[in-house]
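Asker: Dropping a structure here in structure tokens format, bear with me for questions.
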Amino acid sequence: MSILDQEPRTTPRNGDRTSLGSARRLSPPLRDGLFAVAALVIALVAILPGRDGAGTSISLMQLVGSMAAMIVAAVGLNLLMGYAKLVSLGQGGFYAIGAYASAWFILDAGWHPLLAIAGALALCGAVGAVVAVASMQLRGPQFSVITLVLAILVERILNEAAPFGRLAGYPNHAQHGTTGLPSIQIFGITLEPPMIANTVATVMVPVVVLTALVVIISRNIARSPWGSSLSAIGESEMLAAHLGVHVFRRKVSVFVLASVLGGLGGVFTTLTFAHLQPETFDIFLTITIVLAVVFGGSGTVLGPVVGAVGIVWLEQSDVLAEVSQLQQDHVSDSWYLSTPGLVGVLFILTLFLMPKGIVGTLSAAVTGRRRHAQAGEDDGAGLGETAGLDADSDAVPDAEPHAETVAAGQEDTVGKHLLEMTGLGKKFGGLQAVADMDLSVDRGQIHAVIGPNGAGKSTLANLLTGVYRPSAGTVVFEGRDITGLAPHAVARAGIGRTFQTPQLFGDATVLENVLAGFVDTGRTPLWAAALKPPSRYRRDAEMRAEAERLMRLVGLEQFAGLRAGELPYGKQRALEIARALAGEPELIVLDEPAAGLLATETAGLGDLLISLRAHGYALIVVEHHMDLVARIADEVTCMDQGRLLSRGTPDQVLSDEAVVAAYLGKPMEEHR
Amino acid sequence: MDALVLGLVLGGLYALLAQSFVLTFITTKTLNFAVGEFVALGAFVVLAVASWSWLPDIGKVVVGLLVAGLIGALAYRFLVLPFMTEGEHDVRWLLSTVALSFVMLNLITNVEGPSPQRSETARLGGSVDVLGAGVSKQQLLIAVLAVVVTVLLVVASKKTPAGLVMRAVSQDPETTSLMGVSPRLVGMVTYAVAMGIAGLTGTLYAATVGASPVMGAPLLVASIAVAVVGGLSSLWGPLLGGALYGVLSEFASYEFGAIWGETAGLLLVIAVLVWRPQGLLGRRTEVKL
Amino acid sequence: MNSFTRIHKRLVTAAVAVLALSACGGGGDDDASGTAGADGVITVKLGVVGPKSGPASLYYEYMDQTFETFSDDFEEKYDVRFDIVSEDDQAAPEETARAVSRLINEKGVHALMGPPLSGNSLQVADVVQKSQLPWLLPGPNADEIINYDVQPNWGFMTNFTNQQIMAILGERLWSDGQKVGIVYSADGFGQSNLEHLKSWAEENGHELTAEETIQPGASDANAIIKRFKDSGVDSVFMGITQGADTATVTRAMEQASYQPKTIMTTGTILTDYQDVAEPSQWENIQIVDPRNFLEGGDAWVLDQVREETGEEPAIPTNNISSYAILDIYAQAVKEVGDATDFEAVRQAMEDIETVHIGDLTIENPFTPEDHVLYDDDPANWLTYGFDKNFDLVLKGTAAECLEKGC
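Protein chains in written order, with the working numbering: chain A, 130 to 801; chain B, 28 to 316; chain C, 48 to 453.
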């Protein structure tokens with residue numbers, strides 16, 4: 130049965146909370162701890178061969194150094210590209226800035242190495258912030274082009290700027306009397322690069338440990354609400370804003386984070402090779418980092434790690450050279466592909482066969498099997514559970530006034546409406562889409578907005594949630610003037626929303642979608658997401674429990690592990706509502722929620738909305754479905770051509786001649 | 028004054044190649060990052076048929092154009108189309124065209140060797156005086172061709188049924204396909220024309236600098252820049268973008284030195300992207316929520 | 048823009064196990080022990096690093112050609128056989144670093160040859176010096192690669208250095224009160240040229256009127272020529288790595304009807320220039336080089352290469368310099384008798400008495416502070432012009448040209 134089925138369920142399905150519990154054999158802190166330990170162990174094992182400084186291990190240590198640098202740069206780019214879907218072709222530029230800035234601060238400026246590195250990373254972050262602000266409006270190819278231009282500019286500067294040695298390299302004999310950066314000393318320990326036989330390459334230890342830390346932190350971030358906000362931005366910035374995410378700030382933050390990580394990669398390269406040549410930091414570097422991310426699996430945690438290691442290894446493995454030789458021997462000695470061409474072919478094959486990259490494809494295969502086992506029948510629990518519940522049932526969360534607005538508006542709200550819209554108007558160029566609209570709604574009230582197509586209903590909804598700025602009029606919510614506020618501010622004030630077509634994260638699970646609705650998505654600070662203090666774990670558990678409640682409410686708990694994109698339409702609708710509820714709104718704006726639903730589903734929807742009303746929510750429902758409107762609405766507003774046409778109870782409005790005329794047109798005679 | 032003329036002429040080269048970007052972007056919303064290699068491909072094909080003395084020069088150029096176009100169409104069918112399926116956020120086509128550029132560059136280098144080879148086909152030697160500046164005839168030819176090709180494309184898009192189809196597909200591929208037009212076919216034809224233009228550019232450019240596998244690479248960034256400045260959704264864009272980019276670079280080079288010339292061009296791109304992301308002649312599209 | 052021309056540098060350092068040379072020779076035991084085998088031939092394990100594939104492959108090819116053509120000769124003359132262990136660094140500096148590490152530490156080579164490009168050599172200069180094994184550098188021109196403050200010094204260059212050529216050219220460029228402009232490529236070679244020209248000018252009380260840089264692969268050089276013209280430059284030096292870029296410059300000159308009285312460049316013009324330029328563009332160009340490409344030992348090397356490989360010498364100047372360095376090294380190994388005694392070999396190289404290039408001899412080229420085969424005596428440098436067919440025409444020594452004009 131669809132979730133919005135009318136039929137009441139007689140027995141609650143207890144045993145079906147499968148996907149929620151089964152995979153959780155280990156508690157989150159334990160799993161996170163295990164991951165951290167594993168990362169550190171792998172890091173240290175990688176440099177084990179070099180522990181006695183044997184000459185034969187030097188080249189391997191250099192390789193590990195290159196891989197570490199590529200890993201952190203790819204992890205940074207992955208946050209930008211894989212999650213927020215901003216394809217930056219400029220990561221190589223930050224890599225270069227990090228490398229040269231740290232070297233210069235150490236040698237020319239004579240700073241303490243830790244300060245030099247911090248300074249270099251800060252510089253990268255600052256440049257990243259500038260680029261982010263400059264490119265805020267851009268997406269797609271334009272965004273890629275501007276980042277590409279940045280990388281090219283950085284390369285040019287390095288080629289030409291005398292303080293960095295230009296093509297004589299840094300350091301160089303003329304300016305510094307040496308071509309090798311002196312080994313740095315931190316807390317009395319000299320950190321040697323892997324260069325000369327019988328010198329232990331002590332710099333490798335901090336390099337790999339830092340790399341492991343970066344991977345651990347990136348995993349924390351990816352799995353936190355901060356990370357979901359990135360996915361939200363990647364999916365649709367407008368959606369993200371409605372989830373309470375301050376898109377501008379978040380985009381700048383992720384860009385800065387990505388640039389800092391790119392710069393860290395450059396720092397590692399400086400520490401490993403102790404000499405920089407501008408030729409190393411060309412466009413191909415930035416492309417290699419992109420390849421590493423996509424090859425390994427963009428949008429996954431381990432993807433960039435696998436991809437970086439793979440690409441760097443490919444760079445210097447014999448396998449491709451041998452394939453090339455084979456072609457020359459057997460096919461033709463001029464029509465053959467050598468390594469760059471083979472990498473290209475390999476890449477295209479990956480795109481065809483493993484579009485999600487290595488890690489993405491593997492994990493999809495694994496979880497796919499798990500989910501199929503749990504999906505069960507497509508007759509999910511019905512909404513009927515709530516239909517049978519009464520007003521003080523615990524199943525539905527109460528609509529509680531938000532703490533901030535309580536203090537601010539407590540006295541004012543007495544006697545006033547929860548939401549009061551006065552004289553609202555919106556002009557698009559010459560078109561007056563909405564004019565002089567008034568509307569008010571109280572807690573525990575359902576206000577329906579109807580009208581023929583093009584009447585301005587959706588525009589009204591958009592004006593309310595901040596998608597458009599009103600040209601005239603005011604909107605007061607809980608005594609606070611929210612006119613013209615951006616969508617994230619409106620969401621944080623306590624107004625939730627569903628859209629005409631369900632805006633979900635198709636690739637994420639149902640559970641993940643609901644979790645995205647929580648205020649944490651917009652509110653979690655980066656440091657908390659990265660470092661995961663105990664409060665974060667507690668909050669995660671709370672959110673999970675609450676999400677499960679909400680899924681039960683809308684009858685989706687059986688599908689918690691399914692991809693949201695695979696849900697039938699009615700369930701997607703339900704999911705959207707659950708997500709909206711997660712944000713603890715007091716008012717929910719629903720834009721044509723019944724569109725595309727079956728009759729039984731519509732009835733179930735009606736039941737749910739009535740339940741919500743009973744629990745104190747205020748609902749504004751833009752609808753075409755007159756039966757539903759008649760059934761649930763306390764007040765109905767009819768719009769026509771952007772203006773108020775009629776208002777009153779459903780009976781009044783639906784029998785109003787003017788309303789009928791607006792929908793059906795006037796009889797022929799009256800037109801003359 | 029010299030800078031103006033020479034800048035316009037230089038911009039013409041980039042504009043011609045930029046047109047291939049714009050064309051594919053208008054109909055398919057994709058860009059082919061292997062364009063530089065198609066430039067080289069055109070040049071080498073013409074070089075290969077250069078010894079066919081029964082074929083007049085113009086015929087050889089056409090052969091180069093056709094081969095580049097054919098391979099371009101195939102590239103679209105097999106390397107771009109399968110990777111555009113996930114909507115606005117799908118960037119796989121970008122990566123597959125980058126991979127294609129690796130493969131093509133590598134193959135061409137292995138077959139032909141890295142050194143530039145002389146190309147006599149369609150070569151106009153010597154220079155001509157334009158408003159006091161000595162302009163190479165070859166470069167002038169390329170610049171003139173940029174204008175001619177643009178005009179042809181604009182006329183074709185407005186007056187011919189094919190052009191109508193192209194505009195329809197660019198606005199709404201789904202509806203167009205419901206009306207019996209295969210967007211796939213349209214895409215292939217567009218790529219064929221676009222890569223044909225790239226091949227043509229390569230042929231004419233090779234007559235000046237020689238055919239080498241890496242000849243297209245220096246043009247790539249400048250052409251993308253010109254396309255973006257002009258506006259990826261406008262067929263007139265490359266001309267305006269090329270003119271601005273070329274003149275600005277040339278002026279800056281004259282005043283401050285070659286390094287600044289290039290930098291000036293890049294700064295222009297940044298300025299346009301920040302101030303007017305859709306390009307100077309591009310149209311901003313709003314997505315309905 | 049050089050960005051894409053080096054697009055594939057970063058990929059693959061194919062560790063091809065052994066670059067099989069010419070006949071590995073009769074004789075039973077030819078393991079690369081570094082000492083004389085049963086047949087009295089010392090097999091040396093020579094590590095060679097360079098861009099074996101990719102757009103810069105010409106810079107590896109000349110080394111290949113030298114081995115192919117002359118290994119038998121060296122075996123005959125000095126009883127020294129080269130067992131080549133090569134690494135492809137795709138011209139990427141960090142790859143060079145790794146490749147050199149492998150060659151020195153894992154493959155245990157007795158000497159290192161290459162990399163051929165200045166930038167890559169600068170990346171590994173420190174390491175090779177600290178690793179203390181003979182470093183053979185027939186390719187690069189940048190003085191900065193060898194740091195004479197470090198003694199004993201392990202690097203030996205058989206190409207002229209940029210400081211030297213500027214000393215030779217300086218007089219010529221500024222003669223008759225001409226105003227001098229330089230166009231240099233935006234890479235290590237070009238910038239080194241610039242630095243040394245400026246130093247020479249400063250030391251000799253001259254001033255450089257114009258400095259213009261050209262990006263590898265640039266589409267045109269009109270602005271450069273315009274600026275030369277506007278500042279009154281009538282004596283031009285082109286310090287450009289790729290012949291194709293030199294062609295871009297000379298084409299712009301012709302287009303702008305700019306005819307400076309003096310146009311000088313280096314031997315780099317012998318590669319990749321002719322095909323894409325016109326006789327009218329090269330008729331006034333002259334180059335200086337310490338080698339004689341037309342007759343004598345240097346020319347013999349080039350002829351041998353043509354004969355044996357059937358190809359044109361990839362980079363004529365460097366083909367000759369590779370021969371020279373191998374001659375020096377082989378002599379040193381023969382004298383010491385043991386290629387693994389690095390110190391002794393190095394000393395023998397430094398003390399070498401006669402370098403044989405075909406039947407050309409150069410006496411006592413090195414001192415502890417000078418590991419460069421050539422010097423900057425104008426009497427030892429030759430000036431060439433070009434005829435219609437781009438064949439070299441000898442104009443006289445640099446000294447003669449200074450006196451009488453060329």
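Where is the CB? At the ideal position from N, CA and C, for every residue including glycine.
Every value quoted in this text rests on a predicted model; they were computed, and no experiment measured them.
#1: Give me the DSSP bridge partner(s) of threonine 766(A).
#2: Rounded to whole angstroms, what is the Cα-Cα separation between glutamine 306(C) and alanine 265(C)?
#3: State the DSSP-derived secondary structure class of arginine 681(A), mapped to helix, strand or coil.
#4: Pull out every residue of the stretch 143-171 of chain C whose Cβ sits closer than 7 Å to any Cβ of chain A, in chain order.
#5: Check this for me: beta carbons of glycine 394(A) and alanine 202(A), under 8 Å apart or not?
#6: Chain A beta carbons: is any one of them nearer than 8 Å to that of arginine 119(B)?
#7: Verify whether the separation of the beta carbon atoms of glutamate 321(A) and threonine 331(A) is less than 8 Å.
#8: Looking at the structure shown, is glutamate 533(A) part of a helix, part of a strand, or coil, going by DSSP?
#9: Is leucine 439(C) closer than 8 Å to leucine 373(C) when the C-beta atoms are compared?
#10: Going by beta-carbon coordinates alone, are glycine 69(B) and leucine 227(B) separated by less than 8 Å?
#11: Identify, in the order they occur along the chain, each residue of the same chain with its Cβ nearer than 7 Å to the Cβ of leucine 174(B), setting aside the five sequence neighbours on each side.
#12: Could you tell me the alpha carbon to alpha carbon distance between alanine 723(A) and leucine 679(A), rounded to whole angstroms?
#13: Comparing alpha-carbon positions, which option in Thr653(A), Val639(A) and Ala657(A) lies nearest glutamate 686(A)?
#14: Taking 6 Å as the limit between beta carbons, can you name the residues of its chain near glycine 228(C), skipping five residues before and five after?
#15: What residues of chain C sit near arginine 150(B), judged by a beta carbon separation below 9 Å?
#16: What is the C-beta distance between leucine 810(A) and glycine 166(C), in whole angstroms, given that I count them as a contact (C-beta under 8 Å)?
#17: Taking Cβ-Cβ distances below 7 Å as the criterion, which residues of the stretch 250-261 of chain C are in contact with chain B?
#18: Can you give me the Cβ contacts of glycine 237(C) inside the same chain, cut-off strictly under 6 Å, excluding the 5 residues immediately before and after it?
#19: Using three-state DSSP, classify tryptophan 329(C) as helix, strand or coil.
#20: Candidates Thr312(C), Ser80(C) and Leu441(C): which alpha carbon is nearest glutamine 289(C)'s?
#21: Terminal residues of the continuous beta strand (DSSP E) containing threonine 202(B)?
#22: Please state the DSSP three-state secondary structure of glutamate 259(C).
#23: Please work out which residues of its chain come closer than 6 Å, Cβ to Cβ, to tyrosine 224(A), disregarding the five sequence neighbours upstream and downstream, and give them in chain order.
#24: Is alanine 165(A) helix, strand or coil by DSSP?
#25: Ignore the nearest five residues each way along the sequence and tell me which others in glutamate 355(C)'s own chain have a CB closer than 6 Å to its CB.
#26: Go ahead and pull the three-state DSSP assignment for tyrosine 125(C).
#27: Can you name the residues of chain B whose CB is closer than 8 Å to the CB of isoleucine 418(A)?
#28: For phenylalanine 424(A), which residues does DSSP report across the bridge?
#29: Determine the direct distance from the alpha carbon of methionine 110(C) to that of arginine 353(C), and round the result to whole angstroms.
#30: For threonine 444(C), which beta-bridge partners are listed by DSSP?
#31: Is threonine 307(A) near the ligand FAD, with its Cβ less than 7 Å from a heavy atom?
#32: Check this for me: beta carbons of glycine 219(A) and threonine 415(A), under 8 Å apart or not?
#33: Would you call the CB atoms of threonine 468(A) and alanine 494(A) closer than 8 Å?
#34: Quick check: the Cα distance between valine 803(A) and leucine 173(A), rounded to an integer number of angstroms?
#35: Listing by chain order, which chain C residues have their CB less than 8 Å from the CB of arginine 194(B)?
#36: Quick one: which chain A residues come within Cβ less than 9 Å of asparagine 194(C)?
Answerer: Answer, in terms of the structure:
#1: Val578(A) and Arg776(A)
#2: 21 Å
#3: helix
#4: Ala144, Arg145, Ser148, Arg149, Asn152, Glu153, Gly166, Leu169 and Gln170
#5: yes
#6: yes
#7: yes
#8: Confidence in glutamate 533(A) is poor, its pLDDT being 43 and thus under 50, which makes the residue's placement too unreliable to answer from.
#9: no
#10: yes
#11: This sequence places valine at residue 174(B); leucine is not what is there. The residues are Leu266.
#12: 19 Å
#13: Val639(A)
#14: Thr256, Ala257, Phe275, Val280 and Val283
#15: Per Cβ cutoff of 9 Å: no residues; arginine 150(B) is ~11 Å from chain C at best.
#16: Any property of residue 810(A) remains undetermined from this structure, which presents chain A solely from 130 to 801.
#17: Glu259, Thr260 and Ile261
#18: Tyr231 and Gly286
#19: helix
#20: Thr312(C)
#21: Looking at the DSSP string, threonine 202(B) is not in any beta strand (DSSP E); the run it does join, the alpha helix (DSSP H), is 200-205.
#22: strand
#23: Ala202, Gly391, Gly394 and Gly395
#24: helix
#25: Thr116
#26: helix
#27: In chain order: nothing, as chain B lies at least about 12 Å away.
#28: Paired residues: none, contrary to the question.
#29: 14 Å
#30: Leu429(C)
#31: Absence of the ligand FAD is noted for the structure shown, with no ligands found whatsoever.
#32: yes
#33: no
#34: One cannot answer for residue 803(A) here, as it falls past the ends of chain A, which runs 130 to 801.
#35: Simply none; closest approach about 33 Å.
#36: His302, Gly306, Thr307 and Thr308
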